[in-house]
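Trainee:
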Amino acid sequence: MSAAAKRAGTDWLLKPAAILAPLDEDRARQELAEIASAARQEGLPRLAKFLAGKGAAQSLLSAVFDLSPFLRNTARRRPRILDGLFDQTVEDRLKAIGAAIDRAHLAEALSEAGLMMDLRQWKAEAHLLIALADLAGEAETALTVRRLSDLAEACTRAAVDFLLRDADSQGKLKLPDPDNPSRQSGWILLGMGKLGAHELNFSSDIDLVVFFDPEAPAVVDPLDATELFSRLTRRLVRILQDRTEHGYVFRTDLRLRPDPGSTPLAIPVEAALRYYEARGQNWERAAMIKARPVAGDLAAGAAFLKELQPYIWRKYMDYAAIADVHSIKRQIHAHKGHGEIAVKGHNVKLGRGGIREIEFFVQTQQLIAGGRFPELRGRETVPMLGQLAARGWITADARDALARQYWFLRRVEHAVQMVADEQTHTLPEDDEGLERIARMLGFADAAAFSMAFRASLQQVERHYAALFETAPELSTGIGNLVFTGDVDDPDTLQTLHGLGFQRPSDICRVIRGWHFGRYRVTQSAEARERLTELTPALLRSFGQTRRADEALMRFDEFLAGLPAGIQLFSLLQSNPALLKLLATIMGAAPRLAAIITRRPHVFDGLLDPALLTELPDRAYLSARLSAFVEGDRLYEDVLDRLRIFASEQKFLIGVRLLAGSIDPARAGRAFSDLADLTIEAALQAVAAEFAARHGTIAGGVVSLLGMGKLGSRELTAGSDVDLILLYDHAPDAEESDGDKPLAPSHYYTRMTQRLIAAVSAPTAEGVLYELDLRLRPSGNKGPVATHIDAFKKYQRQEAWTWEHMALARARTIAGDAGLCGEVEAEVAAVLGQPRDAKKVMVEASDMRAMIQKEKPPRDLWDIKLIPGGLIDLEFIAQVAVITGQVESGPRAPAVPIARAPAVPARATGTAEILSRLAPAFASAGVRQDLGDAYALYLALTQMARLCLTGAFERDDVPPGLSDLLLAVTDLPDFGVLEAHLKETSQKVRKDFDLLLRTGRP
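By this note's numbering, the letter at position 140 of the sequence shown is numbered 136, and the numbering carries on one by one without gaps.
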């Protein structure tokens, strides 16, 4: 053997070009030693010896495996992958894996299960190698995304070729060339989005659109082709995305096909072409820019895309089409807010200054100009920035800055996903999580990363804003707008109609009222002047809500209540983002509009530059509440101030959700923290006021137990609050020591009734919260206040299964720290009691069936009650808790109650419980499905409850709310959203039946 060959066997062929630091040096060394031990057990002595040594490669590996639990676990399970890097470079090994995947379908007697296992093992190996090369700095991000895309494409091709040969062997198809099964098969699979553009991210799902040609040589019976290719597509999805003990290959999404709610999974080519030509929308044109045949009959796929060219690339763009392109921008929902950008919890893809802003600008310019300039028709983002600069559409400076930031943000996205192989784009909200990401990217610490990240987002945002300022306008001017005199100007009526107003004459009358100074806000000449200057921008913004008349009438009500307006009008004029936000509230969110109309001073909160960057966490709300109610105040004054504070903060939390600066889960926590704090303050005020009249009970203490959505910290803007009030006192206490003494039970019952009035009674400032105490022992028949001993006895001897299920979400929110600790311990003990799991599941299933019978859902949008909706998910989580099927794990610290003793950390949030279901109860795939479903339902319910005061009426949704729902779910079209909602609920119901009706995973 030559010296070179010997060296090849002992030299590690991945040469780090980056230096990474672990979070914990000692832990990192220990983790590397564990992988070395796994290597010895697998009979890999050279790898074990190498890992025990010292050098740049070992330092890199110890840091990588400390920073990424996912990569560490893969390496520990399969150390042979690392050992292979003594014999082949990453590039050579990836080529060998690609070649093996390409040959997979030719294997003799290959079964579907065998192919699924092989693909998962190859994918896991390639995934680890791609990540190591990326983190080591050996591969640029552009190469990483290409490698990930090639891997996904190869796996899809292998599964498609296997399925085609299988159909051929059963006589369903007659392939012209079984060794090259895709050729002339007629089965077309287009890769969309990042797969189509060769830009896949580390934990990306893959978007496919599937068509077929019923006249292809391989098709035996054209009439049966839709059923056949849809069945093959369903099997393809199963092969790629089902989770087995070997993991999964790629999650697969078919929702970008035409009208996904009502079309089969595979669509005939002619029907697809007819759809795009007659009904295709601009977002679908934008999606087709990146479309690329990735598997199946590639020639037929290319021919289909060629047929589609006139639809995607129009020679002449009419103004209506340009306006529609800009409406896609509205759906992307990029609120260019003001002030600093928060780094923690920022969405790298969809947030301000994120990846989507760069991609979106490129695509809109392509749609506008690609018809005339074929060189602008490319699929990849960065090369297209180059072409746009070459044609003078953007400056060289914009090209270089956006390209640089694009790749930086893609690196950040990869780091976020490499931690746990989760398809997330959101930076961690905790300090350690952010430090982990910073170190994966080679920064010294989180502070250095935060500075670079913020600078990157600001640079993208600046260019994005400038690019859209130069984007083509609908017209040079808005048209005639004359509101003087008392006769409508015909040209103004026409302009208003063109802007989207249905009743232009009524609008003229309203605006004339402003100019005549009928409101306090327009009584000064300067205010009227400012409002006149602002009017064109106002009308345009309200027009874009697509409920222009309603939006303007609500704005008129808002003006009527304002004491002064110069500052507001100036601010709206100089801050288009704030004007757009105001228009969104008026057009899409009647609930929020009603709040600022009733309490115009709430709007002052929007003037705070830090509004969209300060996260409304418990400490933030607590500090503001203390400042708002401090000082000696009368009892009624405290209650009114609590109402004002809660109303303002609900509004501001809602605005943050509307603007995309917090996600629905954080909004739920913020609404819940707000309820905790204000109800605790009300309890303190009530207790003090009550004691002044009736004195105190010896040793008397109370604890408030939050139930339902308050307990699980998932309140929405419109939630009522479920509570149980528990009390204790000295055993020998007979009555209180005040002027009007009361026996203990009478004392706490009266005090609870006073608390209910303090929180729920309407005053001039409205209601604080609607309280519901029906979850107390014995429900409405029992006393409103319960002694702790009676509570314990009831829960252990008399409570029904459903009452224990409700306890799974219970959380103490206020009261005496000692009693709160005792209550938490008792709840944990009750939940941990041994139970007959089968019996619990049967009772829960029966209860769900009864609810479905007695309270059927109104329609698909009754997300709580639909089969497979929120109740199903909550029941699964609660049954898992009381039958001991939830794994313990790290969680956010328990919400602090002043001076509370340490209480056991117990998950009460539905999302967290679902993520920690025991593997014996629910497989990883089911856990993922349930978690995804809950995130979807939470997003939709938070946004709908925020905007609407009544039920969600499918046929009367404000278009602005439709846009918000699409933005918060990251879906392109309302039909796609409905199809996704339907599909999700069906999947959840299937999982519900699997888990609770059979009791098996």
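Glycine residues also receive a C-beta, built at the ideal position from the N, C-alpha and C atoms.
The structure presented is a predicted model; accordingly, all values stated were derived computationally and were not measured.
Look up F207 in the DSSP assignment and give the residues it is bridged to.
Mentor: Along the sequence shown, read from residue 1 onward, the residue named residue 207 stands at position 211. Per DSSP, I184 and I263.
Trainee: Rounded to whole angstroms, what's the CA-CA distance from H334 to E610? Just pull it up for me.
Mentor: Reading the sequence shown from its first residue, position 338 is the one you call residue 334. Reading the sequence shown from its first residue, position 614 is the one you call residue 610. With a pLDDT of only 40 at H334, under the threshold of 50, the placement of this residue in the model should not be trusted, and no figure is reported.
Trainee: Less than 8 Å between the CB atoms is what I'm expecting for V875 and M837, so what's the real figure, rounded?
Mentor: Here residue 875 is taken as the residue at index 879 of the sequence shown, counted from 1. Here residue 837 is taken as the residue at index 841 of the sequence shown, counted from 1. Confirmed, about 6 Å.
Trainee: Have a look at V780 and A810 and give me their C-alpha separation to the nearest angstrom.
Mentor: Residue 780 sits at position 784 when you count from the first residue of the sequence shown. Residue 810 sits at position 814 when you count from the first residue of the sequence shown. The straight-line gap from Cα to Cα measures roughly 17 Å.
Trainee: With C-beta atoms as the reference, is A589 less than 9 Å away from A678?
Mentor: On the sequence shown, position 593 is the one that residue 589 refers to. On the sequence shown, position 682 is the one that residue 678 refers to. Not in contact: A589 and A678 (Cβ atoms no closer than 9 Å).
Trainee: Let me check one thing: in DSSP terms, what residues is T1075 bridge-paired to?
Mentor: In the structure as shown, the chain begins at -3 and stops at 997. Residue 1075 is therefore absent and cannot be evaluated.
Trainee: Count the C-beta pairs between the region 61 to 79 and the region 406 to 419 that are closer than 8 Å, then say yes if the count reaches three, no if not.
Mentor: Taking 8 Å as the limit for Cβ pairs, the verdict is that the region 406 to 419 does touch the region 61 to 79.
Trainee: Check the DSSP bridge columns for T488 and list the partner residues they point to.
Mentor: For the purposes of this step, residue 488 is taken as the residue at position 492 of the sequence shown. Answer is none; T488 lacks a bridge partner.
Trainee: Once DSSP output is grouped into helix, strand and coil, what is the label at S33?
Mentor: Numbered from its first residue, the sequence shown carries residue 33 at position 37. Helix.
Trainee: For A523, is the classification buried or exposed, using 16 other Cβ atoms within 10 angstroms of its Cβ as the cut-off for buried?
Mentor: Position 527 of the sequence shown, counted from the first residue, corresponds to residue 523. Answer is buried; the Cβ neighbour count reaches 16.
Trainee: Helix or strand or just coil, what does DSSP make of D868?
Mentor: Locating residue 868 in the sequence shown gives position 872, where the first residue counts as 1. DSSP places D868 in helix when its eight states are reduced to three.
Trainee: Go through its chain and collect everything with a Cβ distance to I658's Cβ below 6 Å, but skip five positions before and after it.
Mentor: Mapped onto the sequence shown, residue 658 falls at position 662. Only R652 meet the Cβ criterion.
Trainee: Beta-carbon separation of I285 and G366 under 9 Å?
Mentor: Residue mapping note: residue 285 aligns to position 289 of the sequence shown, counting from 1. Residue mapping note: residue 366 aligns to position 370 of the sequence shown, counting from 1. In contact: I285 and G366 (Cβ atoms closer than 9 Å).
Trainee: Measure the C-alpha to C-alpha separation of T377 and A440 and round it to an integer number of angstroms.
Mentor: In the sequence shown, the residue the question calls residue 377 occupies position 381. In the sequence shown, the residue the question calls residue 440 occupies position 444. Their Cα atoms are separated by approximately 30 Å.
Trainee: Return yes when the Cβ of P596 is within less than 9 Å of the Cβ of L635, no when it is not.
Mentor: Numbered from its first residue, the sequence shown carries residue 635 at position 639. Numbered from its first residue, the sequence shown carries residue 596 at position 600. Not closer than 9 Å, so no.
Trainee: Would you check if the distance between the CB atom of L721 and the CB atom of Y744 is smaller than 9 Å?
Mentor: Within the sequence shown, the letter at position 725 stands for residue 721. Within the sequence shown, the letter at position 748 stands for residue 744. Yes.
Trainee: Distance check for D417 and G49, CA to CA, integer angstroms please.
Mentor: As a first step, residue 49 must be located in the sequence shown, where it is residue number 53. As a first step, residue 417 must be located in the sequence shown, where it is residue number 421. Roughly 29 Å between the two C-alpha positions.
Trainee: Closest to H342 by CA distance: which of E303, E371, H421 and H123 is it?
Mentor: Position 346 of the sequence shown, counted from the first residue, corresponds to residue 342. Ranking E303, E371, H421 and H123 by Cα distance to H342 puts H421 first.
Trainee: For Y515 and L555, what's the separation of their Cα atoms in angstroms?
Mentor: In the sequence shown, the residue the question calls residue 515 occupies position 519. In the sequence shown, the residue the question calls residue 555 occupies position 559. Going by the C-alpha atoms only, they are around 7 Å apart.
Trainee: With DSSP as the reference, label P915 as helix, strand or coil.
Mentor: As a position in the sequence shown, residue 915 is number 919, starting the count at 1. It is coil, neither helix nor strand.
Trainee: Tell me whether A443 sits in a helix, a strand or coil according to DSSP, three-state version.
Mentor: Looking up residue 443 in the sequence shown gives position 447. Three-state DSSP puts A443 in a helix.
Trainee: Reducing DSSP to helix, strand and coil, say where P889 ends up.
Mentor: Here residue 889 refers to the residue found at position 893 when the sequence shown is read from its first residue. The pLDDT assigned to P889 is 43, lower than 50, so where the model puts this residue is not dependable, and the model offers no usable value.
Trainee: Helix, strand or coil, according to DSSP, for T531 in the structure here?
Mentor: Start at 1 with the first residue of the sequence shown, and residue 531 comes out as number 535. T531 falls in the helix class under three-state DSSP.
Trainee: Under 8 Å by Cβ, that's how I've got T1000 and M112 pegged, so tell me the actual separation to the nearest angstrom.
Mentor: Because the chain here runs from -3 to 997, residue 1000 falls outside it and cannot be looked at.
Trainee: The alpha helix (DSSP H) with S199 in it runs from where to where?
Mentor: If you number the sequence shown from 1, residue 199 lands on position 203. No alpha helix (DSSP H) contains S199, which DSSP labels as neither H nor E.
Trainee: Taking only beta-carbon positions, decide if L944 is within less than 9 Å of chain D.
Mentor: The chain labelled as chain D is not found in the depicted structure, where only one protein chain is given.
Trainee: Measure the CB-CB distance between A155 and L115 and report whether it falls below 9 Å.
Mentor: Stepping through the sequence shown from its first residue, residue 155 is reached at position 159. Stepping through the sequence shown from its first residue, residue 115 is reached at position 119. Yes, the pair counts as a contact, with Cβ atoms nearer than the cut-off.
Trainee: Just to confirm before moving on: does the CB-CB distance between I784 and E818 stay below 9 Å?
Mentor: Mapped onto the sequence shown, residue 784 falls at position 788. Mapped onto the sequence shown, residue 818 falls at position 822. Their beta carbons are under 9 Å apart, which means I784 touches E818 by this criterion.
Trainee: With respect to the alpha helix (DSSP H) encompassing Y616, which residues constitute its N-terminal and C-terminal limits?
Mentor: Residue mapping note: residue 616 aligns to position 620 of the sequence shown, counting from 1. From DSSP, the alpha helix (DSSP H) with Y616 extends over R614 to V625.
Trainee: Comparing C-alpha positions only, which one of Q645, I202, S668 and A914 sits nearest to L147?
Mentor: As a working note, residue 147 is residue 151 in the sequence shown. Considering only alpha carbons, the answer is I202.
Trainee: In the structure shown, what three-state DSSP assignment does T240 receive?
Mentor: If you number the sequence shown from 1, residue 240 lands on position 244. If DSSP states are grouped into helix, strand and coil, T240 belongs with the strands.
Trainee: If you draw a straight line from the alpha carbon of R23 to that of R902, how long is it in whole angstroms?
Mentor: Against the sequence shown, residue 23 aligns to sequence position 27. Against the sequence shown, residue 902 aligns to sequence position 906. One C-alpha to the other measures close to 27 Å.
Trainee: For A92, I'd like the list of residues in its chain whose CB is within less than 8 Å of its CB, leaving aside the five on either flank, ordered along the chain.
Mentor: In the sequence shown, residue 92 corresponds to position 96, counting from 1. Excluding residues within five positions, the ones whose Cβ falls inside 8 Å are Q84.
Trainee: Expressed to the nearest angstrom, what Euclidean distance is found between the alpha-carbon atoms of D255 and G971?
Mentor: Translated into the one-based positions of the sequence shown, residue 255 becomes position 259. Translated into the one-based positions of the sequence shown, residue 971 becomes position 975. So the alpha carbons of these two residues sit roughly 6 Å apart.
Trainee: Would M1047 be called buried (16 or more neighbouring beta carbons within 10 Å of its own) or exposed?
Mentor: Nothing in the structure corresponds to residue 1047, since the chain is present only between -3 and 997.
Trainee: With DSSP as the reference, label N278 as helix, strand or coil.
Mentor: Here the question's residue 278 lines up with position 282 in the sequence shown. Correct three-state label for N278: helix.
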